[in-house]
Amino acid sequence: MWRPWKSRTKDAEADYEKAREQLLERAPIPVLWLFGKTGSGKSSVVRYLTESDDIEIGPGFRPQTKFSSMYSFPDEDDPILKFLDTRGIGEAEYDPDEDIVAFDKVAHLMIVTIRAMDHAVDDVFRSLSTIRDAVPDRPVLLVLTALHDAYPGEQHPEVDPFSDDRAPLPNDLNPELKRSLELHYKRFDGLFDRAVPIDLTPPHEGFHEPNFGGERLKKAILDSLPAAYRQNLLQMSELLEPVTTLAKEKTMPTILGSSSLAATAAAVPFPWVDIPVVLGIQTHLVYKLASMHNIPIDAATIAQVSGVMGGRVAVTMGIRAGLKFIPWVGMAANSAAAFAFTFATGMAWNWYFTSVAQGHVPKESELKEVFQSQLKRAAHVWRTSQAE
545 MWRPWKSRTK DAEADYEKAR EQLLERAPIP VLWLFGKTGS GKSSVVRYLT ESDDIEIGPG
605 FRPQTKFSSM YSFPDEDDPI LKFLDTRGIG EAEYDPDEDI VAFDKVAHLM IVTIRAMDHA
665 VDDVFRSLST IRDAVPDRPV LLVLTALHDA YPGEQHPEVD PFSDDRAPLP NDLNPELKRS
725 LELHYKRFDG LFDRAVPIDL TPPHEGFHEP NFGGERLKKA ILDSLPAAYR QNLLQMSELL
785 EPVTTLAKEK TMPTILGSSS LAATAAAVPF PWVDIPVVLG IQTHLVYKLA SMHNIPIDAA
845 TIAQVSGVMG GRVAVTMGIR AGLKFIPWVG MAANSAAAFA FTFATGMAWN WYFTSVAQGH
905 VPKESELKEV FQSQLKRAAH VWRTSQAE
C-alpha cells in the first residue's frame, strides 16, 4: 500500500508527532463514559452521535482497563470526541474501583444506558452508586433506551411527548412504558442528573423516526458538558449533518478533527508562537486526505496548490496581525483563524482529490472559489458554536 507520508523526512514526522501529542493534552476533547449492560444501546448512542456504522465503531475501541475501552472519533490522530465503554457489568469480576481510578479526571460526563423495560439492573445500580459516590460532581445522564419494547409492532408517538425535565413522565404516555420509566426514576434517584428516554433503531426495523429522542439526547449532552468541551460537538453536528456521499462521510470528521486541533494550537497569548504547528497540521491533513483518496502527492504539489488557495499565507499573516481585518473573528482571533483556514484548506483539498480521481484537473479559479466558500462556512460554524 502506498503511503504518501513516506515522502517526508523522519525528523519532520517526529516533530509533528511530538507537537500533536502536546496539543492533545490540552485540547478540549469531550470524553463521554458509556456505562451499561451489553445490549443496552451504548453502540447505538455512539453510532448516532458520530453518524458512523457499527463496522467502523467496533474495531475502534482500544482497551483502557480490564473491562473498559476507549474509542476516539474519527481516529486517535485528530480526535473530535472520545467514548469510554465499560463492559462486564454483572460479571463477578467487575470492580468499578479500577475504572474510578482510571477515569476520575478523564471522563467529563457519564451516559448510563438501560433498556426501558429491563428491570434486572441491580448490578448497574450497585456499580453506579460506587462511581457516583467517588465523583459526585460529574454529570450523569440516565438514558432509557428501546422504548418500543413497551409497544411492540407500533410506531413511536408522532409528536415527541418527552420534555427536557430532569425525569420526564408525560401523562399521555403508553401505560406500560410510563410505569417502567417511573420505576427506573425511583430506583436510580440521586444517581443521575437528567433522564433521557430515547429509541435509536436501524432504518430496516421500520420505524418512521429511527432516531426517536436523538436531538433531546444531543441537547442533554451539550447542557451537561463543561462549556469549553461543547464546541467540538456543536461544530460536528452542523458540519456532518449535510454529509451524504461515502467519501465525505470518511473525510469530513478528519478535516474537522484537524481544524479543532489547529484551533487549540493557536489558542496562545502570543499570536506568532504556534504558526508552524498550525501549518504542520494543515500539511499533515493534506497527506492524510491524499492517502484516504489513494492519490499520490508530494511537497511540490502541496506548495503549488496551497499557493493558489492562499490559505497558508493568509493564516500566517492573519494570526500575526490578530485578524483585525476580518470582522467575524471577535475575541478568539487566533483560534478562529486557525480553525477556519484549516477547515477551508481541508475541504478544498478534498474537492481537489475528488476531482482528480474523476479525471478533472481543477483550475486555479475553481480552487479559489471552493476555498473561499468553505472559509465562509467555517467562519459561520465557529461563530455559531462560540455563541452557544
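Numbering-wise, the sequence shown is residues 545 to 932 according to our numbering. All C-beta atoms in this analysis are idealised placements derived from N, C-alpha and C, irrespective of residue type, glycine included.
Cβ-based burial, residue i [other Cβ within 10 Å; buried from 16]
i: K581; result: buried
i: G851; result: exposed
i: S909; result: exposed
i: A563; result: buried
i: L911; result: buried
i: V645; result: exposed
i: G758; result: buried
i: P906; result: buried
i: M875; result: With a pLDDT of 36 at M875, under the threshold of 50, the modelled position of this residue cannot be trusted; read the value that follows with caution. Looking at its Cβ environment, which holds fewer than 16 other Cβ atoms inside 10 Å, M875 is exposed.
i: N776; result: buried
i: V849; result: buried
i: V822; result: buried
i: A558; result: exposed
i: P719; result: exposed
i: H904; result: exposed
Inter-residue CB distance, residue i and residue j (contact presumed, cutoff 8 Å)
i: L567; j: T798; result: Between T798 and L567 the Cβ distance is about 16 Å, and since that is not below 8 Å, they are no contact.
i: D616; j: T630; result: The sequence given here places Ser at residue 616; Asp does not occur at that position. Actually they are not in contact, since the Cβ atoms of S616 and T630 sit about 16 Å apart, beyond 8 Å.
i: L685; j: F736; result: 7 Å
i: N878; j: A772; result: Actually they are not in contact, since the Cβ atoms of N878 and A772 sit about 16 Å apart, beyond 8 Å.
i: I655; j: F579; result: 7 Å
i: S584; j: D598; result: Not really, about 15 Å apart at Cβ, beyond 8 Å.
i: V679; j: D643; result: Incorrect: roughly 11 Å between the Cβ atoms, too far for contact.
i: A660; j: A636; result: Not quite, the Cβ-Cβ distance comes to about 27 Å (not below 8 Å), so this is no contact.
i: E753; j: H837; result: Actually they do not touch by this definition, with Cβ atoms about 35 Å apart.
i: A884; j: A923; result: 5 Å
i: L625; j: I675; result: In fact, because the Cβ distance is near 21 Å, the residues do not count as touching under 8 Å.
i: S802; j: L829; result: 4 Å
i: F627; j: V665; result: That belief does not hold up - the Cβ atoms of F627 and V665 are roughly 21 Å apart, past 8 Å.
Contacts around residue i, its chain only, beta-carbon distance under 7 Å, and the 5 residues preceding and following it disregarded
i: I839; result: F897, V900, A901
i: N755; result: Y592, L744
i: L727; result: H663
i: P607; result: S613
i: P705; result: P714, D716, L717
i: L769; result: P574, H652, L653
i: K610; result: E642
i: P747; result: P754
i: L725; result: A660, L688, L713, P741
i: Q918; result: F887, A888, M891, A892
Selected residue, minimal CA-CA separation from residue i, among the options
i: P957; options: E620, F751, M614; result: In the structure displayed, the chain extends from 545 to 932; residue 957 sits before or after that span and is not available.
i: P712; options: F732, P701, V740; result: V740
i: T795; options: P747, W895, A690; result: W895
i: Y831; options: P705, T609, D621; result: D621
i: V650; options: R570, H837, H924, A892; result: R570
i: V687; options: M853, V668, E749; result: V668
i: E561; options: P770, L805, E698; result: L805
i: K730; options: H663, K762, M853; result: H663
i: R682; options: A694, K920, L653; result: L653
i: A847; options: W577, W893, F883; result: W893
i: P618; options: K610, E600, P607; result: E600
i: D708; options: R676, E702, L625, K763; result: K763
i: L721; options: A694, E698, G734; result: A694
i: E749; options: V703, V914, E698, M780; result: E698
i: V914; options: G903, M891, H904; result: M891
i: Q916; options: L725, M853, V589; result: M853
i: E565; options: G903, R723, W577, P623; result: P623
i: R921; options: M780, L833, G824; result: M780
Cβ neighbours of residue i in the same chain (closer than 6 Å, five flanking residues each side left out)
i: Q826; result: T886, T889
i: G604; result: Y615
i: T657; result: G580, S584, G585, K586, V687, T689
i: H692; result: D743
i: V817; result: With a pLDDT of 42 at V817, under the threshold of 50, the modelled position of this residue cannot be trusted, and the question is left open.
8 Å CB neighbourhood of residue i in its chain, flanking five on each side removed
i: R710; result: D737, R738, A739
i: S671; result: F579, I633, Y638, P640
i: S673; result: L735
Within-8 Å CB hit, residue i to chain D
i: L778; result: This model lacks chain D altogether, as it is built from one protein chain only.
(request) Identify every run of the beta strand (DSSP E) within the region 618-691, keeping only runs that are complete inside it and at least 3 residues long; order them along the chain. (result) Unbroken beta strand (DSSP E) runs of no fewer than 3 residues, entirely contained in the region 618-691, are found at 625-630, 653-659, 684-689, following chain order.
(request) Please specify which runs of the alpha helix (DSSP H), each continuous and at least 4 residues long, are wholly inside the region 716-791, giving them in chain order. (result) The region 716-791 is shown to contain whole alpha helix (DSSP H) runs of 4 or more residues at 719-731, 758-768, 775-784, in chain order.
(message) Suppose only complete runs of 4+ residues qualify. What are the alpha helix (DSSP H) ranges in the region 554-595, listed by chain order?
(response) Counting only runs that start and end inside the region 554-595, the alpha helix (DSSP H) elements of at least 4 residues fall at 554-570, 586-594.
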